[in-house]
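The structure under discussion appears below in the form of structure tokens.
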Amino acid sequence: MTEFLIEYWLWIKSFHIFAIIAWMAGLFYLPRLFVYHSKTKRGTELHETFLVMEDKLYRFIMQPAMFFSLTSGGILATIGDTWHMPWLHVKLLSITFLLVFHFLLRSWHNDFKCGKFCRSERFYRLINELPTLLLAIIIICVVIKPF
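Position 112 of the sequence shown, counted from 1, bears residue number 171 in the numbering used here, the numbering being contiguous throughout.
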């Protein structure tokens, strides 16, 4: 890699790490909000407050962070020519699961908006652990490159 590409590589990598941290923060926090939201009654001020908090977290933090994580990650994989490496395939599979989780969170938020409280507090507590597991797999793949 030329010096020119290395300089851009580090900027893009820094931006990628920042975007991932923001996205993961949302993936950790939104289900936690659902835990507390599931204990409210529809039509109350607290219920409405949770709806606003969840919507803003999703639209203004999680969505842009997800987009920039995926974009910068794709650029890094292309510049680094890592598309053929097995560890990246495991990472991409884990990212696919994160994307499914991300969009499920939006669907569950919409359920709250419609007044469908069909999932328990316990459900949201349990699914809150999923992004942690996927993040651990992703970090191991990137740092250790076991495959």
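All residues carry an ideal CB built from backbone N, CA and C; glycine is no exception.
Computed from a predicted model, the values in this text were never measured in an experiment.
For residue i, three-class secondary structure by DSSP
| i | result |
| --- | --- |
| Phe182 | helix |
| Trp142 | coil |
| Ile76 | helix |
| Arg101 | coil |
| Phe93 | helix |
| Phe206 | coil |
| Phe109 | helix |
| Phe126 | helix |
| Phe176 | coil |
Bounding residues of the alpha helix (DSSP H) (the contiguous stretch that carries residue i)
| i | result |
| --- | --- |
| Arg165 | 145-173 |
| Leu193 | 189-202 |
Of the listed residues the options, nearest to residue i (C-alpha basis)
| i | options | result |
| --- | --- | --- |
| Thr155 | Met144, Ser128, Arg181 | Ser128 |
| Phe93 | Phe182, Leu194, Ala195, Leu189 | Phe182 |
| Ser166 | Ala84, Leu89, Ile203, Arg184 | Leu89 |
| Thr99 | Phe126, Phe176, Val149 | Phe176 |
| Gly102 | Gly174, Phe119, Met125, Ile65 | Gly174 |
| Ile80 | Cys200, Lys204, Thr191, Glu62 | Thr191 |
| Trp82 | Phe119, Arg91, Leu69, Met125 | Met125 |
Rounded straight-line distance, which links the Cα of residue j to that of residue i
| i | j | result |
| --- | --- | --- |
| Glu107 | Leu157 | 27 Å |
| Ser73 | Glu104 | 40 Å |
| Lys172 | Tyr67 | 43 Å |
| Leu164 | Asp114 | 11 Å |
| Glu159 | Leu193 | Correcting the residue type first, residue 159 is Val in the shown sequence and not Glu. When rounded, the distance between both Cα atoms is 12 Å. |
| Pro123 | Glu188 | 22 Å |
| Ile196 | Ser153 | 7 Å |
| Ser179 | Gly133 | 37 Å |
| Ala136 | Met121 | 22 Å |
| Ser97 | Trp142 | 41 Å |
| Phe162 | Arg184 | 17 Å |
| Gly85 | Ile138 | 28 Å |
| Lys204 | Leu64 | 22 Å |
Distance cut-off 7 Å: residue i Cβ against heavy atoms of the ligand GDP
| i | result |
| --- | --- |
| His143 | What this structure holds is no ligand at all, so the ligand GDP is not there to describe. |
Residue i and residue j closer than 8 Å at C-beta
| i | j | result |
| --- | --- | --- |
| His75 | Tyr117 | no |
| Phe206 | Val149 | yes |
| Phe109 | Tyr95 | yes |
| Ile71 | Ser131 | yes |
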